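S.K.: In our numbering, the protein residues as written are 24 to 1121.
Take a look at the following structure, please.
Encoded structure:
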């Protein structure tokens, strides 16, 4: 029994089965030899969902688990604990020192209208009247925290907020950490997308693994906020590579019928990672250790990378037939479809590649060169922006629902599992497009509802938010699969890199949108809601991809073939499009892909802002203050906020001991910003970026900046690695991503300053972006049509797993440096596992590398147990799989000048059209220049056109096109020239000459239309006529301006019109004759010398 996937006239994949091997039948063999075989055909034969595909997903599981850990890490490492000013400055060594902590807060920190102590202000001196119950406060004594802040460490031992005091005036820096991270992701996506399409999914995935781990680990050891932000930027940059590469690598190895399942499975990685993040963050509540814990799966991922296969699709698309054949054969063997590979050789794989694209190198610019793919790029970019913008708008706001952040994160992660199961059945039965549209609209609806739920109704808010998060996660899961199916193999990584760039752009902006609540509390939610709904509308414009073959080339997008094709899908069907080979490839990248959520969410932990208040040591006068308890010191040294909590950013200039007696009487107590730093609550995280570099108060926005820079790296990485992957192969580029991510990830953990950390995080994000897009592409290019969906879902589970593991790692490793190193560590095993990753046979074939394509296909067949399939699958047969030059390819205006004869034709025709239009409208617009009634002149002009048409007919039939065209133009120019010397008072004579000129001008216009249509070939006829018409309109546009020149010299306009006309006539005389010559069909016919037809059949 065998399965084949063919392309019908509508461009859809058609699955059919035979009771015997296809190559045992001469008809099937002839079809194989003459048709263009898609990778999905091959994948269906070698089992598009077998042990190979399962192994592929599992190998990337650990790396993908780290993705949600890093992407959502900011929820924990940048958490802002309760805090108040450090009141040590208020300790006068007398009364204040003897006050309890609550009393010190009462006399040292002003309270708001709601009775909550201020987090950012303190009294200038203790307001002891508050201890007696007096509530009056002289606001002139309220100052900003002077000696830092004291943080509540009951939830987080340390975060980046407590590390660097990112509270009060610096609270935006905490959000900025996530923004910087996601900016890294944003840049990493196109960078790794480019690199993955250029050098392969597998090598770039390794690079993403390594760079993510390196930058993450180094970020955990950041010595300043700037360093941390830079390293988070590079961590996000590298994670973007891990994210998009691992997804593509997996999906490209799954068959069409299993693509939905693969997408859901891959999405579950994120869910598991989300849940893991909660556990890690709970156990490792110190931000440095949390980063290390979140990055640690990358170590195993690097080890597993050796066994990851390269995407056979990418290998074939890049002409690497030997490598593609090797992996396809491996897949076939693992999936017990080895027999299929008997007739497939690397040369056959290469010959199946399109001649037009065999040596072509693709870039992101190719996404916008032709109409259909340009529309696809614009729409998918908008949708990705909206999906990521809303997803992270919800995910990074876990503290805004009134529930413990660990519980909120756990609920968010738990809801993803049933949602992804439901997503599988929905997109498998209904389709990708309606699934994407519905989930985005429902996400917007949930956000809209929550705008009107009161803050104190935290249960309702959490339920609605969880539903919105579930819908947003479903939209994310679908979009990864959807995008991989939309873009052709040759630019799949570039496409995924570009869309990931757009996504990370949205993610980078998302944390900053939360700051808009200062302008209007509902503005952030309203913004997220509007973007979600708008993206859903745009998603409805995308084409459906359910049960369709993956396109191999841009031409597949621009125009479907009208004839049955046998492409890579046929080969993959023979070697088992989802067997042990594919599973091995997935498993080899799973560790690397787990690091994606680790680093993408790492900022939640390493940038966590614990409770903090000003350091009050400056208030210690060696007297009473030193004898006070911690609470009493806060009472006399830190002003209260309006809610009664100690201010986190302000302190008294000296101890206000009277507050120990009357904590409510803080009137007139002046406060100043923290003078001696901050004291952080280390109960949640031991250290974070905030505590490391005091990213609190006026520097708290730097926490978000670090994340934004990271995602900027991811954004850039997607473009770079996407291009490199399409250019140099998936596997090679993946290794670059692994190494880059690991190096910069670990380097970020060792950052001595925030600036260094931010830079490291930027490059980590770049590497991660490559890992993300290349691994996904590499895997999906190896899976057949039927199982590609399943692989996509399965690979998305890497992310879910990473999200679940990240909080666990962050909980146990609650030091940000250690946590960064831990979440990067999985890239080490991923680098090792890279050795066993196959290159994409599709990419190899697309780039004419038949030998390697055949090698990987043979490897796939062997691993999938389909060795017998390779008996007839020789390289020369593979060469017929992918495209020779598409006869129906789209042509553009550039084709008018690409070849010499066409270029000459375009130049001469353009001149003729310019002169014809200029003369015609020069005469037609001068009806008042002949001294006769305007009405009469216009009438004469109209009448003269009737005999002009008759004369044209006779002239064209008797004299030919060239002589008629040039002759009519010469006569027109002669009439215009003669009229220059006829005095104005001879109106009748001028009108007659003008009428003759108008008649000949009309004749030339009539002739040029027919002449042009006969000159240009069928494939360029419309473009040629459009170009000529454009030049004609230029001539028409300048006619009125030429007439203004009569102010310089009365005869100058006539002289110019006559010169233009005579020049055009001369140019027309150089054109070839077309009378009784058959119409050319192709550009090649124009380039060759055309001979006059003799027989009537012509």
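From the three backbone atoms N, C-alpha and C, an ideal C-beta is built for every residue, glycine too.
Since the structure is predicted, the reported quantities are computational estimates derived from the model, not experimental observations.
Which class does residue 567 belong to by DSSP, given the choice of helix, strand or coil?
M.R.: Note: residue 567 maps to coil in three-state DSSP.
S.K.: Regarding residue 135 and the ligand NAD, is the C-beta to nearest heavy atom distance less than 7 Å?
M.R.: The ligand NAD is absent from the structure shown, which contains no ligand whatsoever.
S.K.: Can you list, in chain order, the residues of its chain with a C-beta nearer than 6 Å to that of residue 1083? Leave out the 5 residues immediately preceding and following it.
M.R.: Answer for residue 1083: 938, 941, listed in chain order.
S.K.: Which of helix, strand or coil does DSSP assign to residue 143?
M.R.: Correct three-state label for residue 143: coil.
S.K.: For residue 659, which of helix, strand or coil comes out of DSSP?
M.R.: Looking at residue 659 - three-state DSSP - the assignment turns out to be helix.
S.K.: Does the beta-carbon distance from residue 505 to residue 805 come in below 8 Å?
M.R.: Taking 8 Å as the Cβ cut-off, residue 505 and residue 805 do not qualify as a contacting pair.
S.K.: Taking just the CA atoms, how far does residue 513 sit from residue 271?
M.R.: When rounded, the distance between both Cα atoms is 12 Å.
S.K.: Give me the Cα-Cα distance between residue 552 and residue 114, rounded to the nearest whole angstrom.
M.R.: Answer to the nearest angstrom: the Cα atoms are 49 Å apart.
S.K.: Helix, strand or coil for residue 108? Go by DSSP, reduced to three states.
M.R.: Reduced to three states, the DSSP call for residue 108 is strand.
S.K.: Hey, residue 845 and residue 831 are a contact pair by Cβ (cut 8 Å); roughly how many whole angstroms apart?
M.R.: Rounded, the Cβ-Cβ distance is 10 Å, inconsistent with contact.
S.K.: State the CB to CB distance for the pair residue 756 and residue 230, rounded to an integer number of angstroms; the pair is presumed to be in contact (CB under 8 Å).
M.R.: That belief holds up - the Cβ atoms of residue 756 and residue 230 are roughly 7 Å apart, short of 8 Å.
S.K.: Rounded to whole angstroms, how far is the Cβ of residue 241 from the Cβ of residue 772, which I believe are closer than 8 Å?
M.R.: Indeed, because the Cβ distance is near 4 Å, the residues count as touching under 8 Å.
S.K.: Do the region 704-711 and the region 139-153 meet, that is, are 3 or more Cβ pairs less than 8 Å apart?
M.R.: Taking 8 Å as the limit for Cβ pairs, the verdict is that the region 139-153 does not touch the region 704-711.
S.K.: To which residues of the same chain is residue 563 closer than 8 Å at the C-beta, ignoring the five residues directly before and after it?
M.R.: Same-chain partners within the cutoff: 456, 460.
S.K.: Kindly indicate the opening and closing residues of the beta strand (DSSP E) around residue 1003.
M.R.: Here residue 1003 belongs to no beta strand (DSSP E), and DSSP marks it neither H nor E.
S.K.: By how many angstroms is the C-alpha of residue 309 removed from the C-alpha of residue 119?
M.R.: Approximately 32 Å, taken between the alpha carbons.
S.K.: Mind checking whether residue 335 and residue 863 have CB atoms under 8 Å apart?
M.R.: Yes. Within cutoff.
S.K.: Among residues of its own chain, excluding the 5 on either side of residue 511, which ones have a beta-carbon nearer than 7 Å to its beta-carbon?
M.R.: Cβ neighbours of residue 511 beyond the five flanking positions: 574, 575, 576, 577, 579, 580.
S.K.: Who does residue 891 pair with in a DSSP beta bridge?
M.R.: DSSP lists 362 as partners of residue 891.
S.K.: Relative to the C-alpha of residue 524, which residue among 1080, 739, 919 is closest?
M.R.: Here the closest residue by C-alpha is 739.
S.K.: Roughly how many whole angstroms lie between the Cα atoms of residue 233 and residue 409?
M.R.: Going by the C-alpha atoms only, they are around 30 Å apart.
S.K.: Measure the CB-CB distance between residue 88 and residue 313 and report whether it falls below 8 Å.
M.R.: Cβ atoms of residue 88 and residue 313: not closer than 8 Å.
S.K.: Please report how far the alpha carbon of residue 812 lies from the alpha carbon of residue 936, in whole angstroms.
M.R.: Caution is warranted here: a pLDDT of 49 is assigned to residue 812, below 50, making its placement in the model unreliable, and the coordinate value is therefore given only provisionally. Near 54 Å, if we compare the C-alpha coordinates of residue 936 and residue 812.
S.K.: Rounded to whole angstroms, what is the Cα-Cα separation between residue 661 and residue 736?
M.R.: Taking the straight line joining both Cα atoms gives about 40 Å.
S.K.: Whose C-alpha, out of 124, 86, 333, 364, is nearest the C-alpha of residue 1167?
M.R.: There is no way to answer for residue 1167, as the model of the chain reaches only from 24 to 1121.
S.K.: Beta-carbon separation of residue 639 and residue 110 under 8 Å?
M.R.: For residue 639 and residue 110, yes; Cβs fall inside 8 Å.
S.K.: Would you call the region 442-458 and the region 474-489 in contact, with 3 or more CB pairs under 8 Å?
M.R.: Flag = no, the region 442-458 and the region 474-489 do not touch.
S.K.: Tell me the DSSP bridge mates of residue 309?
M.R.: Paired residue(s): 181.
S.K.: Does residue 655 pass the burial test, meaning 16 or more other C-beta atoms within 10 Å, or should it be called exposed?
M.R.: It counts as buried.
S.K.: Exposed or buried, which one is residue 1007 when buried takes at least 16 other CB atoms within 10 Å?
M.R.: Classification of residue 1007: exposed, given that the 10 Å Cβ count is below 16.
S.K.: Does chain B have any CB closer than 8 Å to the CB of residue 501?
M.R.: As a matter of chain content, chain B is missing from the structure shown, which is built from one protein chain.
S.K.: Specify the secondary structure class of residue 1110 as computed by DSSP and reduced to three states.
M.R.: In the structure shown, residue 1110 sits in a helix (DSSP, three-state: H, G or I).
S.K.: Report the partner residues of residue 215 according to the DSSP bridge assignment.
M.R.: Answer by DSSP bridge pairing, in chain order: 744.
S.K.: Within 10 angstroms of the Cβ of residue 647, are there 16 or more other Cβ atoms? Answer buried if so, exposed if not.
M.R.: Buried, by the Cβ-count rule.
S.K.: Per DSSP, what kind of secondary structure is residue 849 in: helix, strand or coil?
M.R.: Three-state DSSP puts residue 849 in coil, outside helix and strand.
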